[in-house]
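Visitor: Numbering (the UniProt record's numbering), first residue to last: 1 to 437.
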Ligand SMILES: O=C(O)C(=O)Cc1ccccc1
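(1) By the DSSP assignment, the alpha helix (DSSP H) with residue 33 in it spans what residues?
(2) Leaving aside the five residues before and after residue 151 along the sequence, list all residues of the same chain whose C-beta is less than 8 Å from its C-beta, in chain order.
(3) What does the Cβ neighbour count give for residue 83, buried or exposed, with the cut at 16 atoms within 10 Å?
(4) If you draw a straight line from the C-alpha of residue 79 to the C-alpha of residue 355, how long is it?
(5) Answer with buried or exposed for residue 99, where buried requires no fewer than 16 other C-beta atoms within 10 angstroms of its C-beta.
(6) What residues in its chain sit with their C-beta under 6 Å from that of residue 209, if we drop five residues either side in the sequence?
(7) Let me check understanding here. Comparing Cα to Cα, which of 146, 310, 42, 316 lies closest to residue 213?
(8) Mind checking which residues open and close the beta strand (DSSP E) that includes residue 267?
(9) Along the chain, where does the beta strand (DSSP E) that runs through residue 347 open and close?
(10) In chain order, what are the residue ranges of uninterrupted alpha helix (DSSP H) at least 4 long that sit wholly in the stretch 145-219?
(11) Nearer than 7 Å: is that true of the beta carbon of residue 309 relative to any heavy atom of ligand 1?
(12) Would a C-beta distance cut-off of 8 Å place residue 112 and residue 429 closer than the cut-off?
(13) Assign residue 427 to buried or exposed, taking buried as 16 or more other Cβ atoms, counted over all protein chains shown, within 10 Å of its Cβ.
(14) Over the uninterrupted alpha helix (DSSP H) stretch that includes residue 93, give me the two end residues.
(15) Note down, in chain order, each residue of its chain lying with its Cβ closer than 8 Å to the Cβ of residue 314, except the 5 sequence neighbours on either side.
(16) What's the C-alpha gap between residue 223 and residue 163?
(17) Let me know if residue 400 comes out buried or exposed under the rule of 16 or more other beta-carbons within 10 Å of its beta-carbon.
(18) Provide the residue span of the alpha helix (DSSP H) that contains residue 65, from first to last.
(19) Let's test the definition: count the other Cβ atoms within 10 Å of the Cβ of residue 345 and tell me whether it reaches 16, buried, or not, exposed.
(20) What residue from 38, 65, 73 has the CA that sits closest to residue 58's CA?
(21) In the structure shown, what three-state DSSP assignment does residue 421 receive?
(22) So what does residue 232 bridge to, in DSSP terms?
(23) Between the Cα of residue 178 and those of 165, 156, 26, 167, spot the shortest distance and give me the residue it belongs to.
(24) Expressed to the nearest angstrom, what Euclidean distance is found between the alpha-carbon atoms of residue 201 and residue 74?
(25) Taking C-alpha atoms, which residue in 29, 72, 42, 120 lies nearest to residue 19?
(26) Could you name the residues of the same chain whose beta carbon sits closer than 6 Å to that of residue 136, not counting the 5 residues immediately before and after it, in chain order?
(27) Between which two residues does the alpha helix (DSSP H) harbouring residue 285 extend?
(28) Assuming residue 272 and residue 124 form a contact by the criterion Cβ under 8 Å, report the distance between their Cβ atoms to the nearest whole angstrom.
(29) Rounding to the nearest angstrom, what Cα-Cα distance links residue 433 and residue 347 in this structure?
(30) Could you give the DSSP three-state label for residue 280: helix, strand or coil?
(31) Got a sec: does ligand 1 put a non-hydrogen atom nearer than 7 Å to the Cβ of residue 120?
(32) Can you name the residues that DSSP bridges to residue 27?
(33) Apart from the five residues on each side of it in sequence, which residues of its chain come closer than 6 Å, Cβ to Cβ, to residue 310?
(34) Using only CA atoms, which one of 27, 425, 358, 95 lies nearest to residue 261?
(35) Going by C-alpha distance, which of 425, 86, 21 is nearest residue 227?
(36) Starting from residue 125, follow the beta strand (DSSP E) in both directions and report where the run begins and ends.
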């Protein structure tokens, strides 16, 4: 069911009937992703670069992370919210894959924000009736095992790795079943009226599913367990921009967003097959990226202190081995006739997070234009990265001036140009870093 929230948007004010008001999230209701969406799109959100506070949003559940991405890509939703990584269990592979493999659903997507949500999983199920406390032959069940009646455990795969101690101590006898989300797990467990099924889920899912809370906060890190979510929207093409510009002139005053003091950029790249070599790995590429300096103009004519990009995270995912083609080369019942090998085994796509702490000249107000939304003076935004990142992304044949754009390449034996090292480089977004917010 769609849920309406008052919220804020970086976009023009939507009408109630417009898909501009729809936020897709991994459902059903009460998931952690639902909480993340409520947090980001609520008027109380302490998020200066979030949506406009005059906007109202319909939060619409989708059955999978891929379905959220599809809804945004197909313009059925203006925004999508997906889980990205967890402080205990690491990255969400399904999301990384959708971001990394830009040829597919994610090609048109841009990351515009992030949300951190504390995660305190509970064990949801049915309490064993008194008569069920007795085992076969009238023997009393072990008093210290209040979960002995649970034979099936359902949850999102991320949850297992966040609750290892509790589950191995109390529920090693139960069979685990992966589900698309924790709330879906609760719904499935609730269908089993025998009480033999339970779910690892959010306490809110007890209400939506009708299950009891059998154990609270069963995570390995009860104080710090946190999941980071990404907010996505579709990239605007020139036509959209023109339409939206006209719309925004009619509907809203020019929007000036506060410059985030610290921003995160996500890039993905595929190393060239021979460079870097197996011996040097991806170090030359990371070295090159870490030597870049943000010399971007502020748009207000003031010179800012060049800010270095700090590489804070590197993820890697195997590149998809197969792709659709009209020239099938694979003779296997697993692959349809129009499928062919695309990459060699062991070829990976890397996702690199770059953190930039803005250097602000003394006495300067913090107000500015968001770096992902360089204004054209009419309150409209272009989906382009910072000037310096743009230079990184231009095709290799046009990268002659790359080094001088950054002043970082060529030092300490670093390569002159990224084009020598990477087969492709994509900018997936730049947004306000919210870790310490
Ligand atoms: O399943 C959910 O509720 C989600 O939102 C995904 C997820 C799963 C486990 C931890 C954090 C987020």
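The beta carbon of each residue, even a glycine, is placed where N, CA and C say it ideally should be.
Computed from a prediction, not measured in an experiment: that's the story for all the values here.
Guide: Concretely, from the data shown:
(1) 32-41
(2) 173, 174, 175, 196, 197
(3) buried
(4) 23 Å
(5) buried
(6) 186, 187, 190
(7) 146
(8) 262-271
(9) Unbroken run through residue 347: none, as it is neither H nor E.
(10) 157-160, 164-170, 182-191, 204-209
(11) no
(12) yes
(13) buried
(14) 93-100
(15) 282, 286, 350, 351, 352, 353
(16) 13 Å
(17) Low confidence applies to residue 400: its pLDDT is 34, below 50, so where it sits in the model is not reliable, and the reading given next is rough at best. Exposed is the call here.
(18) 65-73
(19) exposed
(20) 38
(21) coil
(22) 80, 111
(23) 156
(24) 30 Å
(25) 72
(26) Below a pLDDT of 50, predicted positions are generally treated as unreliable, and residue 136, at 48, falls in that range; no measurement from the model is reported.
(27) 283-290
(28) Their Cβ separation, rounded to whole angstroms, is 49 Å, which puts residue 272 and residue 124 out of contact at 8 Å.
(29) 30 Å
(30) coil
(31) no
(32) The partner list for residue 27 (beta bridge, DSSP) is empty, contrary to what the question assumes.
(33) 355
(34) 358
(35) 86
(36) 122-125
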